[in-house]
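Worksheet: one structure, shown below.
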Ligand SMILES: Cc1cc2nc3c(=O)[nH]c(=O)nc-3n(C[C@H](O)[C@H](O)[C@H](O)COP(=O)(O)O)c2cc1C
């Protein structure tokens, strides 16, 4: 049964709970539909989409690390037209918001993606990936400089009336400056973090494990960094923040909400336990009831009160 205390609305995206699934860890939903009714989620974020299909990077593409994993998928995806023809029909039948994650080699690619996807009846929002560390061009390169981040967000903003979520990279010196630039350019919300740049070396081959040398670290190992960045961005901008990075339990989700996240996304946690998002939703219901919280919105950013910053949603 739906529980009103955990309803949340982020820039017009109405969700029956604040638990989403992070881009690239949930495909287009169908693999997980065998585990549970995916309409129970707050929202789905698609795998990153590009205008043309992308084959991705050569294997190996993943490698386990202590408390996490490295990936170098390289944005393998079927391209926007194939997505519309083959994936959108089943996604559009879901009763929950579907958010398309978009990427591009150039600023114009992002604009074209925004225009094309805006023609889809029922798509809830665009999440603009300016943070992928695993591609030759675009991706993270746009998200490491305030000016280029703003340029991409402006191009997307001009191509759509849908809510625009800027997905930020943690591989920067000041996450606050990037967030501020994205919001000035028209972002309605910020999501963070994408993966942290890392690497692994094969000691038998005496060479880096990944063809592109560096890869993206995710999972519980990155959680303290992600939480710190959500905290910082909450203090820097007035738009809602979607927090992710190492969330595997409802307690993790509560920490992100108290740090300033209006919603959270589960990424690598889906690989550890496909039911993780559902367990987190159940945990949040019990937590709000036990704490006497009638609206989860009351909790957003409330840990800042102890440092003298007023929760901006009160
Ligand atoms: C295998 C894999 C593929 C990913 N693909 C994408 C992607 O296509 N677009 C994107 O914005 N983020 C992508 N991400 C990043 C996640 O959405 C998320 O931001 C990151 O992994 C941190 O969350 P986590 O620690 O819960 O996994 C990917 C992550 C993983 C592990």
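Residue numbers (the numbering used here): 3 to 316. For glycine and all other residues, C-beta sits at the position ideal for the given N, C-alpha and C.
Cα separation between residue i and residue j?
| i | j | result |
| --- | --- | --- |
| residue 90 | residue 117 | 16 angstroms |
| residue 210 | residue 62 | 11 angstroms |
| residue 170 | residue 21 | 19 angstroms |
| residue 69 | residue 132 | 25 angstroms |
| residue 316 | residue 163 | Reliability fails at residue 316, whose pLDDT of 43 lies under 50, so the model's placement of it is uncertain and no value is given. |
| residue 180 | residue 240 | 14 angstroms |
| residue 59 | residue 302 | 38 angstroms |
| residue 273 | residue 249 | 12 angstroms |
| residue 219 | residue 194 | 14 angstroms |
| residue 189 | residue 138 | 25 angstroms |
| residue 229 | residue 99 | 25 angstroms |
| residue 309 | residue 154 | 34 angstroms |
| residue 236 | residue 108 | 29 angstroms |
| residue 102 | residue 112 | 12 angstroms |
| residue 10 | residue 259 | 12 angstroms |
| residue 255 | residue 282 | 7 angstroms |
| residue 221 | residue 67 | 9 angstroms |
| residue 329 | residue 76 | The shown model of the chain, from 3 to 316, leaves out residue 329, and the question about it has no answer. |
| residue 223 | residue 201 | 14 angstroms |
| residue 81 | residue 128 | 15 angstroms |
| residue 182 | residue 94 | 32 angstroms |
| residue 125 | residue 285 | 28 angstroms |
| residue 159 | residue 141 | 17 angstroms |
| residue 84 | residue 57 | 13 angstroms |
| residue 253 | residue 79 | 33 angstroms |
| residue 225 | residue 72 | 14 angstroms |
| residue 51 | residue 275 | 25 angstroms |
| residue 191 | residue 49 | 19 angstroms |
| residue 65 | residue 134 | 17 angstroms |
Can you say whether residue i is buried or exposed, counting buried as having 16 or more other CB atoms within 10 angstroms of its CB?
| i | result |
| --- | --- |
| residue 38 | exposed |
| residue 16 | exposed |
| residue 2 | Nothing can be reported for residue 2: it is not among the residues displayed for the chain, which extend from 3 to 316. |
| residue 161 | buried |
| residue 296 | exposed |
| residue 156 | buried |
| residue 14 | exposed |
| residue 27 | buried |
| residue 243 | buried |
| residue 334 | As displayed, the chain neither begins before 3 nor continues past 316, which places residue 334 out of reach and without an answer. |
| residue 92 | exposed |
| residue 87 | exposed |
| residue 167 | buried |
| residue 177 | buried |
| residue 208 | exposed |
| residue 206 | exposed |
| residue 121 | exposed |
Name the DSSP beta bridge partners of residue i, please?
| i | result |
| --- | --- |
| residue 317 | Lying before the first or after the last residue shown, residue 317 is absent from the chain, which here runs from 3 to 316. |
| residue 16 | 11 |
| residue 71 | 66 and 220 |
| residue 51 | 104 |
| residue 56 | 79 |
| residue 131 | 169 |
| residue 192 | 168 and 243 |
| residue 317 | Because the chain is modelled from 3 through 316, residue 317 falls outside the range shown and cannot be assessed. |
| residue 21 | 266 |
| residue 99 | None; residue 99 has no bridge partner. |
| residue 159 | Bridge partners of residue 159: none, in fact. |
Excluding the 5 residues preceding and the 5 following residue i in the sequence, name in chain order all residues of the same chain whose CB lies nearer than 8 angstroms to its CB.
| i | result |
| --- | --- |
| residue 7 | 287, 290, 291, 295, 296, 297 and 298 |
| residue 277 | 37 and 38 |
| residue 143 | 150 |
| residue 227 | 172, 195, 198 and 247 |
| residue 40 | 31, 34, 46, 96 and 98 |
Excluding the 5 residues flanking residue i on each side, which residues of the same chain have their C-beta closer than 7 angstroms to its C-beta?
| i | result |
| --- | --- |
| residue 271 | 249, 250 and 278 |
| residue 23 | 43, 46, 47, 267, 268, 272 and 279 |
| residue 232 | 194, 243, 245, 258, 261, 262 and 263 |
| residue 114 | 53 |
| residue 147 | none |
Give every residue of the same chain whose Cβ lies closer than 6 angstroms to the Cβ of residue i, excluding the five residues on either side of it in the sequence, and list them in chain order.
| i | result |
| --- | --- |
| residue 306 | none |
| residue 74 | 59, 63, 136, 212, 214 and 217 |
| residue 317 | Only positions 3 to 316 of the chain appear in the structure, and residue 317 is not among them; the question remains open. |
| residue 204 | 211 |
| residue 234 | 177 and 178 |
| residue 110 | none |
| residue 187 | 152, 155 and 156 |
Quick one: does the C-beta of residue i sit closer than 7 angstroms to a heavy atom of ligand 3?
| i | result |
| --- | --- |
| residue 310 | Ligand 3 is absent from the structure shown, which contains only ligand 1. |
Whole beta strand (DSSP E) runs in the stretch 235 to 271 with 3 or more residues, listed along the chain?
Listed in chain order, the complete beta strand (DSSP E) runs (minimum 3 residues) inside the stretch 235 to 271 are 243 to 246 and 263 to 268.
Could I get the ranges of all uninterrupted beta strand (DSSP E) runs contained in the stretch 23 to 49, with 3 residues as the minimum, in chain order?
Qualifying beta strand (DSSP E) stretches, in chain order: 45 to 47.
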